[in-house]
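> Before I ask anything, let me first share the structure, which is written out below as structure tokens.
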């Protein structure tokens, strides 16, 4: 029986991506090979409990939700995550995967909405980006950049152009919480007429930076 190391399962409003504001079940898996300087889920780096996929599916079903997000940590660092994603899709959920972009997503079920977080220089993990993933994007997928400063912003624009990302899927620019004002990022985007979406972390505005929300 396949098992995954699980940090938590919780029900909340989606704070990011195109389903922002919608009730969602979050399945947070344990462990991550990256150490981004702004990480807000370091509590998921270690610990957790081993759970079978069946037990995870049973707990998710209790919430009677339509949307399920598998997140971390880095979910793809655990190979059974691929099976979990497919099983969730089989049960009729709209499933999204939040991934660091450091691991190849080629084996992820095509029904899953992949949300790939491209690491900027400000993250201190830019060298971990798996650029092969850019060729694996589907129209329903999303690419996210967490922007720490104007240098990150300019770098992200170069990546947009190099990989023609806005022609492939939706692109999200998010200000690093407490490092860059959302208004400043919005001004830069408007000045440059970028065809990308500004994303703020709704859950932090509602409840602050707390676990399980």
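Residue numbers (our numbering): 3 to 215.
Glycine residues also receive a C-beta, built at the ideal position from the N, C-alpha and C atoms.
1) Output yes or no for whether 8 Å exceeds the beta carbon distance between residue 221 and residue 135.
2) Determine, using beta-carbon pairs with one atom in the segment 107-114 and one in the segment 27-37, whether at least three such pairs fall under 8 Å.
3) Alpha carbons only, please: which of 167, 96, 99 and 202 is nearest the one belonging to residue 179?
4) Name the residue from 124, 131 and 177 whose alpha carbon lies nearest to the alpha carbon of residue 153.
5) Determine contact between the segment 97-104 and the segment 61-77, defined as no fewer than three beta-carbon pairs at a distance below 8 Å.
6) Confirm, please, whether the CB-CB distance from residue 89 to residue 55 is below 8 Å.
7) Counting only runs that start and end within the segment 124-203, where is the alpha helix (DSSP H) found for 4 or more residues in a row?
8) Whose CA, out of 91, 207 and 30, lies closest to the CA of residue 113?
9) Is any non-hydrogen atom of the ligand HEM found closer than 7 Å to the C-beta of residue 9, if you look at the structure I gave you?
10) Can you tell me where the alpha helix (DSSP H) holding residue 58 begins and where it ends?
11) Suppose you measure from the CA of residue 28 to the CA of residue 18; what does that come to, to the nearest Å?
12) Can you tell me whether residue 88 is helix, strand or coil according to DSSP?
Reading off the structure:
1) Residue 221 cannot be examined here, being either before or after the span of the chain that is shown, 3 to 215.
2) By the Cβ test, the segment 107-114 is not in contact with the segment 27-37, since fewer than three Cβ pairs between them sit closer than 8 Å.
3) Closest option to residue 179, Cα to Cα, is 202.
4) Residue 124 holds the alpha-carbon nearest to the alpha-carbon of residue 153 among 124, 131 and 177.
5) Judged by Cβ distances under 8 Å, the segment 97-104 makes contact with the segment 61-77, as three or more pairs qualify.
6) Cβ distance < 8 Å, so residue 55 and residue 89 count as in contact.
7) Complete alpha helix (DSSP H) runs here, min 4: 152-165 and 184-194.
8) When each option's Cα is compared against that of residue 113, the closest is 91.
9) The model on display carries no ligand, and the ligand HEM is accordingly not part of it.
10) From DSSP, the alpha helix (DSSP H) with residue 58 extends over 55-63.
11) About 12 Å.
12) Reduced to three states, the DSSP call for residue 88 is helix.
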